[in-house]
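Input: a single structure, listed below in structure tokens.
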Amino acid sequence: MLEGEIHSHLLPDFIIERREDRCIRCRVCERQCGFNVHWYDEETDSMKEDEMKCVGCQRCVVMCPTKALIVKPYPGDYRANANWTKERILDLKKQAETGGVLLTGTGNDKPFRIYWDHIVLNASQVTNPSIDPLREPMELRTFLGRKPDKLEIEFNGDLDDVEIKTELSPNVMIETPIVFSAMSYGAISYQAFKALAMAANEYGTLFNTGEGGLPRELRKYGKNAIVQCASGRFGVDPEYLNCAAVIEIKIGQGAKPGIGGHLPGEKVTEPISITRMIPEGTDALSPAPQHDIYSIEDLSMLIYALKEATDYEKPVCVKIAAVHNAAAIASGMVRAGADIIALDGLRGGTGAAPKIIRDNVGIPIEMALASVDQRLREEGIRNKASILVAGGFRCSADIVKAIALGADAVYIGTAALVAMGCTLCQKCHTGICNWGICTQDPNLAKRLNPEIAKKRLVNLLRAWSLEIKEMLGGMGINAIESLRGNREHLRGVGLEDWELEVLGIKGAGE
Ligand code: SF4
Ligand code: SF4
Numbered sequence: 151m152l153e154g155e156i157h158s159h160l161l162p163d164f165i166i167e168r169r170e171d172r173c174i175r176c177r178v179c180e181r182q183c184g185f186n187v188h189w190y191d192e193e194t195d196s197m198k199e200d201e202m203k204c205v206g207c208q209r210c211v212v213m214c215p216t217k218a219l220i221v222k223p224y225p226g227d228y229r230a231n232a233n234w235t236k237e238r239i240l241d242l243k244k245q246a247e248t249g250g251v252l253l254t255g256t257g258n259d260k261p262f263r264i265y266w267d268h269i270v271l272n273a274s275q276v277t278n279p280s281i282d283p284l285r286e287p288m289e290l291r292t293f294l295g296r297k298p299d300k301l302e303i304e305f306n307g308d309l310d311d312v313e314i315k316t317e318l319s320p321n322v323m324i325e326t327p328i329v330f331s332a333m334s335y336g337a338i339s340y341q342a343f344k345a346l347a348m349a350a351n352e353y354g355t356l357f358n359t360g361e362g363g364l365p366r367e368l369r370k371y372g373k374n375a376i377v378q379c380a381s382g383r384f385g386v387d388p389e390y391l392n393c394a395a396v397i398e399i400k401i402g403q404g405a406k407p408g409i410g411g412h413l414p415g416e417k418v419t420e421p422i423s424i425t426r427m428i429p430e431g432t433d434a435l436s437p438a439p440q441h442d443i444y445s446i447e448d449l450s451m452l453i454y455a456l457k458e459a460t461d462y463e464k465p466v467c468v469k470i471a472a473v474h475n476a477a478a479i480a481s482g483m484v485r486a487g488a489d490i491i492a493l494d495g496l497r498g499g500t501g502a503a504p505k506i507i508r509d510n511v512g513i514p515i516e517m518a519l520a521s522v523d524q525r526l527r528e529e530g531i532r533n534k535a536s537i538l539v540a541g542g543f544r545c546s547a548d549i550v551k552a553i554a555l556g557a558d559a560v561y562i563g564t565a566a567l568v569a570m571g572c573t574l575c576q577k578c579h580t581g582i583c584n585w586g587i588c589t590q591d592p593n594l595a596k597r598l599n600p601e602i603a604k605k606r607l608v609n610l611l612r613a614w615s616l617e618i619k620e621m622l623g624g625m626g627i628n629a630i631e632s633l634r635g636n637r638e639h640l641r642g643v644g645l646e647d648w649e650l651e652v653l654g655i656k657g658a659g660e
């Protein structure tokens with residue numbers, strides 16, 4: 151330790167148990183750990199570990215050929231104190247040692263109420279028969295975009311000669327109401343980004359480029375891409391916009407509402423600099439606001455500029471973080487011309503965010519979705535925009551409940567990362583991801599085989615889609631369209647009256 155250097159008072163987060171009778175000193179754990187936790191001691195011919203460096207990603211545990219390792223939370227704690235928890239004390243000590251903002255990755259891990267776990271679904275019994283999805287057709291197809299108030303049809307006496315007179319807005323068809331949420335090339339590795347694009351293409355759904363642009367060689371997946379136009383405008387040009395299925399204006403992100411983005415210069419490698427159209431090695435700073443948007447009128451101008459640039463052929467989506475007045479903002483967004491509105495809730499993921507923001511700002515997506523859907527219905531403009539929701543969707547039941555609450559489709563981010571290998575170690579912001587997902591280190595990134603990751607993602611989409619069909623069948627519904635906004639299929643359990651009121655659902659037994 152150098153003179154004047156602060157001696158760390160931190161406790162380790164994890165302990166490592168190595169069963170010596172199993173360890174064959176193959177040094178796999180040493181090679182697999184990007185945080186340099188394990189090392190070989192020649193003198194004692196044994197493996198050693200530095201627990202202070204362990205982030206609990208479990209890579210070494212999974213890769214150890216003899217299953218000799220156990221990594222578990224460090225059991226030591228300070229004197230019990232309901233106010234000064236271990237996390238509060240450790241965070242404060244880190245700041246006393248570094249003098250900086252604490253950064254973190256992934257979504258909010260605080261025990262805010264997860265409303266999906268307090269909402270139950272209905273099922274048919276006796277009077278309305280359920281449907282067997284293995285024997286009957288089940289429709290999960292979803293169209294995203296503005297729908298007309300009414301359809302004028304000219305029928306010329308022949309069923310083959312029907313003409314729709316109403317001018318229809320562009321809509322995008324997806325085979326399942328599950329879309330991959332925004333994860334930029336730069337925040338995630340090229341391999342992970344490509345896997346998401348390929349999986350969306352194979353299953354007939356969409357992936358979202360995030361704000362990092364779309365590499366040219368991946369533009370063949372453009373018809374499955376939602377391309378973002380964020381505050382930094384990285385990688386945005388007419389070709390980028392025109393190759394996409396949907397254009398998304400990013401105003402906010404659930405993990406860090408009101409906060410901009412920062413990709414450090416060391417992560418801006420040559421291919422990322424080309425895709426983002428910025429010099430190699432420079433920090434990619436996304437300002438907190440879009441500097442040309444200070445009102446709904448300004449937003450409208452950008453929406454129509456993007457529509458103009460794409461010949462009015464693409465739906466334009468506007469994404470906001472779920473905040474207190476989300477319903478009023480969403481109403482303004484629809485009136486400004488948004489064809490899709492995306493709401494990203496309190497538990498939405500991130501590659502890097504100030505921990506204090508991630509854990510304390512925003513509202514749960516369940517509340518935001520219910521209030522936005524309700525407000526748009528009351529104002530008679532619900533059909534003018536589709537609603538895409540994001541923010542911690544963990545299973546197919548969450549998705550079914552979201553659709554019954556009013557969503558058209560759901561964005562999944564963290565779930566997709568977990569499918570590829572992520573273990574939620576929350577160290578994405580360090581640029582070291584032992585699973586090759588959230589890193590630009592070529593040695594780590596090559597651990598993720600895009601073909602295998604794509605297969606895992608497609609399997610997840612398939613599994614959840616099958617489960618959604620099972621749940622629909624149980625409710626006696628054969629098309630997801632019939633469930634949309636149908637809150638009669640939901641009941642609350644263990645919720646206060648005000649919560650039921652915001653969610654617009656009855657309590658169980660009512
Ligand atoms: S990977 Fe397992 S067997 Fe190999 S050195 Fe590490 S603990 Fe021992
Ligand atoms: S993507 Fe990688 S670094 Fe981020 S939480 Fe998952 S395993 Fe950890």
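Residue numbering for the sequence shown follows the working numbering, beginning at 151 and increasing consecutively.
Glycine included, each C-beta is placed from N, C-alpha and C at the ideal position.
Legend entry - Limits of the alpha helix (DSSP H) - the one that valine 522 falls within: Within the sequence shown, numbered from 1, the residue matching residue 522 stands at position 372. Run containing valine 522: 515-528, per the alpha helix (DSSP H) assignment.
Inset, instruction - Assuming alanine 540 contacts glycine 495 (C-beta within less than 8 Å), just tell me the rounded distance between them. - result: Taking the first residue of the sequence shown as 1, we reach residue 540 at position 390. Taking the first residue of the sequence shown as 1, we reach residue 495 at position 345. Alanine 540 to glycine 495, Cβ: 7 Å. Contact.
Inset, instruction - Determine the contact status of glycine 295 and serine 536, defining contact as a CB-CB distance below 8 Å. - result: Start at 1 with the first residue of the sequence shown, and residue 295 comes out as number 145. Start at 1 with the first residue of the sequence shown, and residue 536 comes out as number 386. Going by C-beta atoms, glycine 295 is nearer than 8 Å to serine 536.
Inset, instruction - Examine chain C for any beta-carbon lying closer than 8 Å to the beta-carbon of histidine 579, and answer yes or no. - result: Among the chains of the structure shown, chain C does not appear; only one protein chain is present.
Inset, instruction - Within the same chain, show all residues whose beta-carbon is closer than 7 Å to that of phenylalanine 262, passing over the 5 residues directly before and after it, in chain order. - result: The residue you call residue 262 lines up with position 112 of the sequence shown. Leu496, Pro514.
Legend entry - Buried versus exposed call for glycine 199 [16 or more other C-beta atoms within 10 Å across all chains shown]: Looking up residue 199 in the sequence shown gives position 49. The question names glycine, yet the displayed sequence has glutamate at residue 199. When all chains shown are included, glutamate 199 counts as buried.
Legend entry - Those residues which DSSP pairs with lysine 222 across a bridge: Numbered from 1 along the sequence shown, position 72 holds the residue referred to as residue 222. Per DSSP, Ile165.
Inset, instruction - Would you list the one or two residues that DSSP bridges to alanine 375? - result: Walking along the sequence shown from the start, residue 375 turns up at place 225. Beta-bridge pairing links alanine 375 to Phe357.
Legend entry - Three-pair Cβ contact test at 8 Å for the region 373-380 versus the region 394-413: yes
Legend entry - 3-residue-minimum beta strand (DSSP E) runs that sit fully inside the region 282-367, ordered along the chain: 292-294, 303-305, 312-314, 322-324, 328-330
Inset, instruction - Kindly give me the distance between the Cβ atoms of methionine 589 and serine 339, rounded to whole angstroms, as I take these residues to be in contact under 8 Å. - result: Translated into the one-based positions of the sequence shown, residue 589 becomes position 439. Translated into the one-based positions of the sequence shown, residue 339 becomes position 189. Before going on, a small fix: residue 589 reads as threonine here, not methionine. Right, their Cβ atoms sit about 6 Å apart.
Inset, instruction - Report all residues from its chain with a CB closer than 8 Å to the CB of isoleucine 428; omit the five preceding and five following residues, and keep chain order. - result: Here residue 428 corresponds to residue number 278 of the sequence shown, with the count starting at 1. Once the five neighbours on either side are set aside, the close Cβ partners of isoleucine 428 are Phe384, Val418, Ala434.
Inset, instruction - Ignore the nearest five residues each way along the sequence and tell me which others in cysteine 183's own chain have a CB closer than 6 Å to its CB. - result: Here the question's residue 183 lines up with position 33 in the sequence shown. These residues qualify, in order along the chain: Cys210.
Inset, instruction - List the endpoints of the continuous alpha helix (DSSP H) containing tyrosine 390. - result: One-based indexing of the sequence shown puts residue 390 at position 240. 388-392 is the extent of the alpha helix (DSSP H) around tyrosine 390.
Inset, instruction - Inspect the CB distances between the region 172-183 and the region 244-255 and report whether three or more fall short of 8 Å. - result: no
Inset, instruction - Look at the alpha carbon of serine 274 and the alpha carbon of valine 643, and state the distance between them as a whole number of angstroms. - result: Taking the first residue of the sequence shown as 1, we reach residue 274 at position 124. Taking the first residue of the sequence shown as 1, we reach residue 643 at position 493. Those two C-alpha atoms are separated by around 19 Å.
Inset, instruction - Using the Cα positions of glycine 288 and leucine 456, report the straight-line distance between them to the nearest angstrom. - result: Position 138 of the sequence shown, counted from the start, is the residue given in the question as residue 288. Position 306 of the sequence shown, counted from the start, is the residue given in the question as residue 456. Note on identity: in this sequence residue 288 is methionine, with glycine being the wrong assignment. Their backbone Cα atoms lie some 36 Å apart in a straight line.
Inset, instruction - Please confirm whether lysine 666 and alanine 332 have their CB atoms less than 8 Å apart. - result: No statement about residue 666 is possible, as the shown extent of the chain runs from 151 to 660 and does not include it.
Legend entry - CB contact flag (isoleucine 587, alanine 342, <8 Å): Residue 587 sits at position 437 when you count from the first residue of the sequence shown. Residue 342 sits at position 192 when you count from the first residue of the sequence shown. Yes.
Legend entry - Start-to-end residues for the beta strand (DSSP E) that takes in serine 436: The sequence position of residue 436 within the sequence shown is 286, counting from 1. First-last of the beta strand (DSSP E) with serine 436: 434-436.
Inset, instruction - Could you tell me whether the region 621-639 touches the region 356-365, where touching means 3 or more Cβ pairs closer than 8 Å? - result: no
Inset, instruction - Buried or exposed for aspartate 442, please, with buried defined as at least 16 other CB atoms from any protein chain shown within 10 angstroms of its CB. - result: Locating residue 442 in the sequence shown gives position 292, counting from the first residue. When all chains shown are included, aspartate 442 counts as exposed.
Inset, instruction - Report yes if the CB atom of threonine 580 is closer than 8 Å to the CB atom of glycine 257, and no otherwise. - result: Start at 1 with the first residue of the sequence shown, and residue 580 comes out as number 430. Start at 1 with the first residue of the sequence shown, and residue 257 comes out as number 107. For threonine 580 and glycine 257, no; Cβs fall outside 8 Å.
Legend entry - 8 Å Cβ shell around proline 327 - same chain, five flanking residues per side excluded: To locate residue 327, count along the sequence shown from 1; it is residue 177. Around proline 327: Leu290, Thr292, Ile549, Ile553, Ala557, Asp558, Ala559, Val560, Ile618, Ile630.
Legend entry - Distance cut-off 7 Å: threonine 216 Cβ against heavy atoms of ligand 1: Start at 1 with the first residue of the sequence shown, and residue 216 comes out as number 66. Yes, the beta carbon of threonine 216 sits closer than 7 Å to at least one heavy atom of ligand 1.
Inset, instruction - Please confirm whether isoleucine 165 and glutamate 201 have their CB atoms less than 8 Å apart. - result: For this step, residue 165 is matched to residue 15 along the sequence shown. For this step, residue 201 is matched to residue 51 along the sequence shown. Contact: yes.
Inset, instruction - Give the straight-line distance between the Cα atoms of tryptophan 189 and methionine 197, rounded to the nearest whole angstrom. - result: Walking along the sequence shown from the start, residue 189 turns up at place 39. Walking along the sequence shown from the start, residue 197 turns up at place 47. Spanning the two alpha carbons is a distance of roughly 6 Å.
Legend entry - Complete beta strand (DSSP E) runs within the region 181-209 (minimum length 3 residues, chain order): 188-191, 196-199
Inset, instruction - Compute the Euclidean distance between the alpha carbons of glycine 542 and glycine 404, then round it to the nearest angstrom. - result: The count along the sequence shown starts at 1 and reaches residue 542 at position 392. The count along the sequence shown starts at 1 and reaches residue 404 at position 254. Cα to Cα, the separation comes out at about 10 Å.
Inset, instruction - With a threshold of 7 Å, establish whether the CB of glycine 382 neighbours any heavy atom of ligand 2. - result: Position 232 of the sequence shown, counting from 1, holds the residue named residue 382. Not under cutoff, so the answer is no.
Inset, instruction - Kindly indicate which three-state DSSP category serine 445 falls into: helix, strand or coil? - result: Position 295 of the sequence shown, counted from the first residue, corresponds to residue 445. In this structure, serine 445 counts as coil in the three-state DSSP scheme.
Inset, instruction - Give the single residue among Arg606, Gly154, Arg508 whose Cα lies nearest to the Cα of alanine 472. - result: In the sequence shown, residue 472 corresponds to position 322, counting from 1. Minimum Cα distance to alanine 472 is reached at Arg508.
Inset, instruction - Please report the residue range of the beta strand (DSSP E) in which alanine 240 lies. - result: The residue given as residue 240 occupies position 90 in the sequence shown. The sequence shown places leucine at residue 240, not alanine. Premise fails: leucine 240 lies in the alpha helix (DSSP H), 236-248, not in any beta strand (DSSP E).
Legend entry - Rounded straight-line distance, which links the Cα of leucine 161 to that of phenylalanine 185: By 1-based counting over the sequence shown, the position of residue 185 is 35. By 1-based counting over the sequence shown, the position of residue 161 is 11. Between phenylalanine 185 and leucine 161, the C-alpha separation is close to 17 Å.
Inset, instruction - Helix, strand or coil for alanine 540, going by three-state DSSP, please let me know. - result: Taking the first residue of the sequence shown as position 1, residue 540 is located at position 390. Looking at alanine 540 - three-state DSSP - the assignment turns out to be strand.
Inset, instruction - Give the single residue among Pro215, Thr194, Gly226, Lys222 whose Cα lies nearest to the Cα of cysteine 207. - result: As a working mapping, residue 207 is identified with position 57 in the sequence shown. The candidate whose alpha carbon is nearest that of cysteine 207 is Lys222.
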